[in-house]
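Structure first, commentary second.
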Amino acid sequence: MGEPELRQTDRVTRRDPNDAWVECTCGSRHWGLGGAAGLALVDRATGTVALQLRSAASHQGGSWALPGGAIGTGESPLAGALREAQEEAAIASDAVRPRFARVLDHEVWRYTTVVADVVGERPVLLPLDGESADLAWVELDAVDRLPLHPAFAQAWPALRTLATTRAELLVDVANVLGSRPDGWWRDRPGATTHLLATLADAGPLPADWFGLDAGEAWPDVVAVLEGAARAATPPPPPPAPGTLGVSVVPASGSGDDEIVRLAAASPSEALAVATADRELRSRLPERARVVGPETLRRHLDQAPRPRHLPA
Ligand SMILES: [Zn+2]
1 MGEPELRQTD RVTRRDPNDA WVECTCGSRH WGLGGAAGLA LVDRATGTVA
51 LQLRSAASHQ GGSWALPGGA IGTGESPLAG ALREAQEEAA IASDAVRPRF
101 ARVLDHEVWR YTTVVADVVG ERPVLLPLDG ESADLAWVEL DAVDRLPLHP
151 AFAQAWPALR TLATTRAELL VDVANVLGSR PDGWWRDRPG ATTHLLATLA
201 DAGPLPADWF GLDAGEAWPD VVAVLEGAAR AATPPPPPPA PGTLGVSVVP
251 ASGSGDDEIV RLAAASPSEA LAVATADREL RSRLPERARV VGPETLRRHL
301 DQAPRPRHLP A
């Protein structure tokens with residue numbers, strides 16, 4: 001559920017202890033003791049985003065915003081955003097592919113917006129609970145002509161950019177594998193299989209690796225294999241909810257040549273390449289950012305695996 005009407009006298013039916021107001025240091029009160037999250041679901045085929053007209057009874061009623069609400073106990077912001085979108089708009093989580101998470105941080109309270117792509121046909125939006133007076137797929141260019149919730153209006157320019165951005169990470173697997181002397185050379189296909197599975201199962205990556213104004217990114221990950229590593233077993237597509245997933249490209253010749261070719265042909269607005277190879281770096285297009293193998297591997301070691309997600 002999202003926010004109830006803002007009245008001291010309300011008898012809130014608390015399904016979750018986090019469903020309560022927070023008196024914030026900014027002088028406002030916000031819904032959700034554990035923070036809140038919303039879903040900006042984008043259909044790139046039609047250039048539209050799913051918006052909710054807040055019911056007259058709710059806080060800032062009569063304004064347009066994203067489906068969203070309080071994050072539940074033990075829930076990640078992503079899981080909270082997906083659950084709220086299901087409850088308020090009948091958006092099934094398997095119709096959603098997360099791309100970015102952007103956090104509005106008020107120290108004692110945080111609002112996470114998950115920017116996501118529609119998987120397949122865009123879903124029919126249905127107001128399942130009393131939170132929505134209306135739901136609509138709105139053209140990206142038409143959003144700021146609507147009466148918007150003030151906080152959403154403030155966030156929209158940055159969200160609008162993310163809505164039309166795709167992040168991609170090209171992984172120089174030979175270089176990343178070679179960055180740690182952990183015995184990978186004894187079984188190169190086996191070590192490669194393990195690295196690919198770890199990558200595929202990882203949660204989001206820091207968005208600043210891609211130079212983006214967001215906290216986290218779920219990029220398209222393309223792993224380039226060469227030589228004996230091509231015998232590795234690729235992880236199965238499509239990725240589990242909240243995980244990265246990986247596409248594997250076996251290079252017929254030099255892995256570097258393949259990465260240079262993929263980087264030059266990439267349609268992604270935000271491209272990064274994981275490699276420490278200086279010669280390869282010098283051959284990449286100027287717009288490509290570089291992530292060091294050890295930076296990537298430390299992140300994979302430390303990042304929490306996605307949990308608490310709907311199956
Ligand atoms: Zn605040």
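In UniProt numbering, the protein residues as written are 1 to 311. Note that CB positions come from ideal geometry on N, CA and C, so glycine has one too.
Closest to residue i by CA distance: which of the options is it?
i: Val-103; options: Pro-235, Arg-188, Ala-36 and Gly-211; result: Ala-36
i: Ala-200; options: Leu-82, Arg-297, Arg-54 and Asp-43; result: Arg-297
i: Glu-269; options: Asn-18, Trp-64 and Phe-210; result: Phe-210
i: Gly-242; options: Glu-75, Ala-288, Arg-160 and Arg-287; result: Glu-75
i: Val-290; options: Ala-263, Leu-78 and Pro-267; result: Ala-263
i: Thr-112; options: Gly-178, Asp-220, Trp-31 and Arg-180; result: Trp-31
i: Cys-24; options: Ala-142, Arg-110 and Thr-295; result: Arg-110
i: Ala-274; options: Glu-258, Pro-293, Ser-266 and Val-260; result: Pro-293
i: Arg-278; options: Asp-256, Leu-39 and Val-224; result: Asp-256
i: Ala-240; options: Arg-29, Ala-79, Asp-16 and Leu-225; result: Ala-79
i: Ala-40; options: Pro-17, Ala-20, Ala-153 and Ala-57; result: Ala-153
i: Asp-16; options: Ser-28, Cys-26 and Leu-33; result: Leu-33
i: Ala-133; options: Ala-191, Ser-93, Ala-142 and Gly-61; result: Gly-61
i: Ala-95; options: Glu-87, Ala-167 and Leu-82; result: Leu-82
i: Leu-128; options: Ala-90, Glu-84, Val-224 and Pro-206; result: Ala-90
i: Ala-65; options: Trp-21, Glu-88, Leu-177 and Asp-43; result: Glu-88
i: Leu-177; options: Asp-301, Ala-191 and Glu-226; result: Ala-191
i: Ala-288; options: Asp-182, Ala-167, Ala-228 and Ala-251; result: Ala-167
i: Pro-67; options: Gln-86, Leu-169, Thr-73 and His-59; result: Gln-86
i: Glu-84; options: Asp-19, Thr-165, Asp-301 and Ala-265; result: Asp-19
i: Ala-272; options: Val-222, Pro-238 and Val-118; result: Val-222
i: Val-260; options: Val-115, Ala-276 and Ser-282; result: Ser-282
i: Leu-140; options: Val-119, Thr-165, Gly-120 and Glu-131; result: Thr-165
i: Leu-284; options: Pro-181, Asp-187, Asp-208 and Glu-258; result: Glu-258
i: Tyr-138; options: Arg-160, Gly-120 and Ala-151; result: Residue identity differs from the one stated: residue 138 is Val in this sequence, not Tyr. That would be Arg-160, whose Cα lies nearest to the Cα of Val-138.
i: Cys-26; options: Glu-226, Leu-135, Ala-151 and Pro-234; result: Ala-151
Could you spell out the range, first to last residue, of the alpha helix (DSSP H) harbouring residue i?
i: residue 336; result: The first residue shown for the chain is 1 and the last is 311, placing residue 336 beyond what the model contains.
i: Gln-86; result: 77-89
i: Asp-172; result: Unbroken run through Asp-172 is the beta strand (DSSP E), 167-172; no alpha helix (DSSP H).
i: Arg-97; result: Where Arg-97 is concerned, there is no enclosing alpha helix (DSSP H), although the beta strand (DSSP E) it sits in stretches over 96-105.
i: Leu-199; result: 188-201
Along the chain, where does the beta strand (DSSP E) that runs through residue i open and close?
i: Ala-223; result: 220-225
i: Thr-112; result: 110-118
i: His-30; result: 29-31
i: Gly-68; result: 68-70
i: Arg-54; result: 48-54
i: Leu-39; result: 36-43
i: Ala-133; result: 132-139
i: Trp-21; result: 21-23
Under the criterion of a Cβ to heavy atom distance below 7 Å, does residue i qualify as lining ligand 1?
i: Trp-21; result: no
i: Trp-109; result: yes
i: His-59; result: no
i: His-30; result: yes
i: Asp-149; result: One point to set straight first is that residue 149 is His, not Asp, in the sequence displayed. Every heavy atom of ligand 1 is 7 Å or more from the Cβ of His-149, so no.
i: His-299; result: no
i: His-194; result: no
Just to check, is the beta-carbon of residue i closer than 7 Å to a non-hydrogen atom of ligand 2?
i: Trp-209; result: Here the bound small molecules are ligand 1; ligand 2 is not part of this structure.
Next on the checklist: Whether or not the stretch 100-117 and the stretch 214-232 are in contact is what I'm after, with contact meaning three or more pairs of Cβ atoms, one per stretch, closer than 8 Å; do they touch?
Outcome noted: A contact exists between the stretch 214-232 and the stretch 100-117.
Checklist entry - Mind pulling the alpha helix (DSSP H) runs of 4 or more residues that sit fully within the stretch 240-294? => result 255-265 and 278-283
Checklist entry - Would you call the stretch 172-181 and the stretch 119-135 touching, i.e. three or more CB-CB distances under 8 Å? => result no
Checklist entry - Looking at C-beta atoms only, is the number of pairs between the stretch 46-54 and the stretch 141-156 that lie closer than 8 Å three or more? => result yes
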